[in-house]
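Before any comments, here is the structure.
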Ligand SMILES: Cc1cc2nc3c(=O)[nH]c(=O)nc-3n(C[C@H](O)[C@H](O)[C@H](O)COP(=O)(O)O)c2cc1C
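Numbering (the working numbering), first residue to last: 2 to 178.
Here is the structure:
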């Protein structure tokens with residue numbers, strides 16, 4: 002353990018702009034960050050998975066969760082408390098991280114931690130989600146304005162370009178290997 006952790010949610014299956022994917026866009030970027038920094042990683046997995054076969058159904062459930070400000074139950078956990086720097090990654094869902102990311106955040110203590118958001122998207126970029134993360138991770142130093150936003154399609158289909166972006170970004174943060 003080197004004090005760094007990558008926590009992420011990513012949706013496998015039918016996805017916007019890239020068709021059916023075996024490994025989610027954010028998952029790909031999470032792996033690149035973990036590779037480049039030697040961080041441990043933890044995938045946030047909802048107890049009730051979002052549908053894989055129907056993008057429309059996934060959208061419907063996501064919309065309802067957002068409307069209700071839901072906190073869907075998740076599988077397993079990781080002791081964030083044991084780490085100093087935590088990367089939190091998620092897809093951009095209408096200006097918010099998926100609600101299960103809040104489930105995870107709210108079951109931990111964040112005071113004194115450095116939190117670095119990263120997002121994959123199809124046009125909205127970070128879209129203010131870093132400020133949402135900052136509000137949720139109470140007491141953490143959240144790298145608002147310094148997170149990574151990368152197009153899902155690039156992560157999925159142009160991995161070398163995505164890897165270069167990840168590495169440049171990490172160097173800029175002083176967090177390369
Ligand atoms: C429910 C839902 C809402 C989305 N809303 C947005 C959005 O508001 N802006 C955007 O740029 N992309 C949006 N997308 C596209 C995803 O952010 C993008 O495909 C992302 O790379 C998916 O990452 P993943 O494969 O790790 O889940 C949305 C996708 C879903 C499923």
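Built from N, CA and C at the ideal position, the CB exists for glycine as well.
Under the DSSP assignment, residue 152 falls in the beta strand (DSSP E) whose first and last residues are 149-152. In the displayed model, residue 130 falls within a helix according to three-state DSSP. Note on the stretch 22-102: whole alpha helix (DSSP H) runs with a minimum of 4 residues are 26-38, 56-69, in chain order. According to DSSP, residue pairing for residue 117 in a beta bridge involves 88. Put simply, the backbone Cα of residue 37 is about 15 Å away from that of residue 90.
Residue 120 holds the alpha-carbon nearest to the alpha-carbon of residue 10 among 120, 86, 110. Beta-bridge pairing by DSSP links residue 122 to 152.
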